[in-house]
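Right, one structure below, let's go through it.
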Amino acid sequence: MTEKPTVKRQPRRPDPTTAVLAEVRAERKALTDEDRPLGGGLRPDRARLHYRREADRWAEIAFARSLADHPGWDAELLAVLNGAIATADSVAARAGLIQVAALATAAVEQLDQDAA
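So for the sequence shown, the numbering used here puts the first residue at 507; every next one is plus one.
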């Protein structure tokens, strides 16, 4: 009888997103559970207009940079974040913040990859 040679599996590489989200989870635990609106201040309607203008401005910057082949996480993050804060619709704001979290996670993963 012949024995089959044991095939040694390569160890699984840890998922970079899982590592980043573990750090995010730890940071979240450090935050207080204070109840506050997404956009604060005395005049939230005026603030939303400001954030809408900023979202549009950063979206234009992100687009121009992509055309010039000089993208950056900053413009895309700021466009989406300002857009999320600008909306009065909580479903749209939530979707925007999830997109911000995804973009921030991808940016952190790239920083980690560049540092390796």
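Backbone N, C-alpha and C fix where the C-beta goes; we use that ideal spot for every residue, glycine too. Computed from a predicted structure; not experimentally measured.
What are the start and end residues of the alpha helix (DSSP H) that includes His556?
Taken as a continuous stretch (DSSP letters only), the alpha helix (DSSP H) holding His556 covers 550-573.
Looking at the structure shown, is Lys514 part of a helix, part of a strand, or coil, going by DSSP?
coil
What whole-angstrom Cβ distance do Gly589 and Gly602 have, given they're in contact under 8 Å?
5 Å
Given 8 Å, three or more beta-carbon pairs between the region 571-587 and the region 600-620
yes
Spatial neighbours of Ala553 in its chain, beta-carbon cut-off 6 Å, leaving aside the 5 residues before and after:
Gly545, Gly547
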